[in-house]
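Participant: Residue numbers (this note's numbering), protein chains in the order written: chain A, 140 to 252; chain B, 2 to 161. Yeah, the Cβ is synthetic: ideal placement off N, Cα and C, and Gly gets one too. Let me begin by handing over the structure; questions about it come next.
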Amino acid sequence: MLDLGIFLRPPRWCILSPLEANRLEVNYRVVGEPYENFIIRGVRYNGRLCSEIPITIEASQGRDLLSSGTVFIPELEPTQVWNLPNFIGLTGFLERIRFAVDPFDNLFYFGAD
Amino acid sequence: MPVAVTNTETHGDERDDLVSIYLRVRENALPARAFVEAAQGIDWTTQDADDLIAAIQMAIQIDAIRLARELSEIGKERFPESAQIQKLAKIVGIAPIIKSSTGPHPKLADTARWMNAHASEYFGMWVALDGDKLLGTAKSYDELLDKFRQIDDVVITQIV
Chain A
140 MLDLGIFLRP
150 PRWCILSPLE
160 ANRLEVNYRV
170 VGEPYENFII
180 RGVRYNGRLC
190 SEIPITIEAS
200 QGRDLLSSGT
210 VFIPELEPTQ
220 VWNLPNFIGL
230 TGFLERIRFA
240 VDPFDNLFYF
250 GAD
Chain B
2 MPVAVTNTET
12 HGDERDDLVS
22 IYLRVRENAL
32 PARAFVEAAQ
42 GIDWTTQDAD
52 DLIAAIQMAI
62 QIDAIRLARE
72 LSEIGKERFP
82 ESAQIQKLAK
92 IVGIAPIIKS
102 STGPHPKLAD
112 TARWMNAHAS
122 EYFGMWVALD
132 GDKLLGTAKS
142 YDELLDKFRQ
152 IDDVVITQIV
């Protein structure tokens with residue numbers, strides 16, 4: 140399944156929906172590092188940072204980029220509901236590639252070097 | 002976050018200072034730069050593994066990622082047997098990017114065209130798309146995931 144990461148004001152870390160995180164081969168609650176007070180769209184979340192999560196940017200023209208990166212997976216409080224998409228983050232991912240955004244045509248250009 | 006910092010006669014004061022600065026950064030009473038400068042003033046080549054782990058954890062928590070990388074490199078070299086240091090180093094590390102031989106995906110271009118033409122009609126909603134075919138809309142991601150997760154290449158996203 141494809142999933143579009145939202146690219147408005149990219150956050151520090153890539154963010155993976157906790158629903159999808161439950162489908163990972165690893166138990167992120169065991170292998171992840173606690174990370175607190177991550178503010179996403181004005182809401183404060185605690186969760187875990189997990190390394191080596193496979194990430195693919197799929198291309199509509201040209202070639203895909205594959206990598207693995209660190210993602211933040213929110214640990215929801217009983218009163219919290221996750222209704223956000225996945226996000227592409229700067230640290231560990233966008234910082235490693237070349238990219239440009241064309242907001243008028245809603246295009247994201249990317250390359251490895 | 003638990004902060005495990007051990008005290009020795011030699012280095013106890015500077016580590017206590019570092020924790021104190023960290024706590025003040027967390028309270029927004031000091032900028033993260035203050036923590037970075039204090040950490041850079043410590044000779045980490047003589048600290049024990051627990052101190053390095055605590056410093057890396059604090060650096061990650063205040064988004065001082067460059068510092069966290071520097072400390073984890075020192076830690077990896079000095080304490081290769083420490084699983085916790087290796088784990089932290091991976092978290093702040095830089096994995097290689099691989100250019101794939103796969104792609105392009107024609108359906109993504111179709112999806113982009115649909116988004117440009119119709120996204121404004123669904124502002125705030127979640128949509129599931131197969132190329133330029135709208136499979137469904139919902140108010141939450143879960144609803145669409147439950148319905149369409151079995152379909153290859155489905156794109157589920159929120160219109161913002």
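1) How about residue 201/A and residue 150/A: do their beta carbons lie closer than 9 Å?
2) Where does residue 44/B land, buried or exposed, given buried means 16+ other C-beta within 10 angstroms?
3) Would residue 191/A count as contacting chain B if we go by Cβ distances under 9 Å?
4) Report the three-state DSSP secondary structure of residue 129/B (helix, strand or coil).
5) Under 9 Å, do residue 199/A and residue 138/B count as touching if we go by C-beta distance?
6) Could you check the C-alpha separation between residue 250/A and residue 17/B for me, to the nearest Å?
7) Hey, quick one: how far does the beta strand (DSSP E) through residue 205/A stretch, first residue to last?
8) Just list the alpha helix (DSSP H) runs in the segment 153 to 210 of chain A, keeping only unbroken ones of 4 residues or longer that don't cross its boundaries, in chain order.
9) For residue 245/A and residue 51/B, what's the separation of their Cα atoms in angstroms?
10) Between the alpha carbons of residue 206/A and residue 97/B, how many angstroms are there, rounded?
11) Do the segment 75 to 91 of chain B and the segment 111 to 130 of chain B make contact, defined as three or more Cβ pairs closer than 8 Å?
12) For residue 232/A, does the three-state DSSP call read helix, strand or coil?
13) Looking only at its own chain, which residues have a Cβ that is under 7 Å from the Cβ of residue 175/A, when we skip the five neighbours before and after it?
14) For residue 238/A, which residues from the same chain have a beta carbon less than 7 Å from its beta carbon, with the 5 sequence-adjacent residues on both sides left out?
15) Check whether chain B comes within 9 Å of residue 235/A, counting only Cβ atoms and requiring the distance to be less than that.
16) Below 6 Å CB to CB, which residues in the same chain sit around residue 195/A once its five sequence neighbours on both sides are set aside?
17) Quick check on this structure: which residue in 67/B, 100/B, 133/B and 127/B has the alpha carbon closest to the alpha carbon of residue 110/B?
18) Could you give the DSSP three-state label for residue 243/A: helix, strand or coil?
19) Determine the direct distance from the alpha carbon of residue 23/B to that of residue 143/A, and round the result to whole angstroms.
20) In the DSSP assignment, the beta strand (DSSP E) including residue 156/B goes from what residue to what residue?
21) Leaving out the 5 sequence neighbours to the left and right, which residues in its chain are closer than 6 Å to residue 15/B when beta-carbon positions are compared?
22) On a CA-only basis, which of 40/B, 67/B and 64/B is nearest residue 56/B? Give me that one, please.
Facilitator: On the basis of the supplied data:
1) As a first step, residue 201/A must be located in the first sequence, where it is residue number 62. As a first step, residue 150/A must be located in the first sequence, where it is residue number 11. Against a cut-off of 9 Å, the Cβ pair of residue 150/A and residue 201/A comes out as no contact.
2) Here the question's residue 44/B lines up with position 43 in the second sequence. Exposed: under 16 other Cβ atoms inside 10 Å.
3) Position 52 of the first sequence holds residue 191/A. Residue-level contact check: residue 191/A touches chain B, since one or more beta carbons of chain B fall below 9 Å from its beta carbon.
4) The count along the second sequence starts at 1 and reaches residue 129/B at position 128. Of the three classes helix, strand and coil, the one that applies to residue 129/B here is strand, per DSSP.
5) In the first sequence, residue 199/A corresponds to position 60, counting from 1. In the second sequence, residue 138/B corresponds to position 137, counting from 1. Result no, Cβ atoms of residue 199/A and residue 138/B do not sit closer than 9 Å.
6) Along the first sequence, one-based indexing puts residue 250/A at 111. Along the second sequence, one-based indexing puts residue 17/B at 16. Straight-line Cα distance between these residues: approximately 44 Å.
7) Numbered from its first residue, the first sequence carries residue 205/A at position 66. That run of the beta strand (DSSP E) goes 204 to 213.
8) With a minimum length of 4 residues, the continuous alpha helix (DSSP H) runs that stay inside the segment 153 to 210 of chain A are 157 to 160 and 167 to 170.
9) In the first sequence, the residue the question calls residue 245/A occupies position 106. In the second sequence, the residue the question calls residue 51/B occupies position 50. Taking the straight line from one Cα to the other gives about 47 Å.
10) Stepping through the first sequence from its first residue, residue 206/A is reached at position 67. Stepping through the second sequence from its first residue, residue 97/B is reached at position 96. Rounded to whole angstroms, residue 206/A to residue 97/B spans 6 Å at the Cα level.
11) With fewer than three CB-CB distances shorter than 8 Å, the segment 75 to 91 of chain B does not count as touching the segment 111 to 130 of chain B.
12) On the first sequence, position 93 is the one that residue 232/A refers to. If DSSP states are grouped into helix, strand and coil, residue 232/A belongs with coil.
13) Here the question's residue 175/A lines up with position 36 in the first sequence. Answer for residue 175/A: 185, listed in chain order.
14) Mapped onto the first sequence, residue 238/A falls at position 99. These residues qualify, in order along the chain: 247, 248 and 249.
15) In the first sequence, residue 235/A corresponds to position 96, counting from 1. Yes, because at least one Cβ of chain B sits closer than 9 Å to the Cβ of residue 235/A.
16) Reading the first sequence from its first residue, position 56 is the one you call residue 195/A. Cβ within range, chain order: 203 and 205.
17) Mapped onto the second sequence, residue 110/B falls at position 109. Closest option to residue 110/B, Cα to Cα, is 133/B.
18) Mapped onto the first sequence, residue 243/A falls at position 104. Taken through DSSP and simplified to helix, strand or coil, residue 243/A comes out as coil.
19) Translated into the one-based positions of the first sequence, residue 143/A becomes position 4. Translated into the one-based positions of the second sequence, residue 23/B becomes position 22. The predicted position of residue 143/A is uncertain, since its pLDDT is 49 and thus under 50; a value taken from the coordinates is nonetheless stated next. Spanning the two alpha carbons is a distance of roughly 36 Å.
20) What you label residue 156/B is simply residue 155 of the second sequence in a count that begins at 1. Counting along the chain, residue 156/B sits inside the beta strand (DSSP E) bounded by residues 156 to 159.
21) Along the second sequence, one-based indexing puts residue 15/B at 14. Leaving aside the five residues that flank residue 15/B on each side, the residues in its chain whose CB is nearer than 6 Å to its CB run, in chain order, 43.
22) Start at 1 with the first residue of the second sequence, and residue 56/B comes out as number 55. If we check each option's Cα against that of residue 56/B, 40/B comes out closest.
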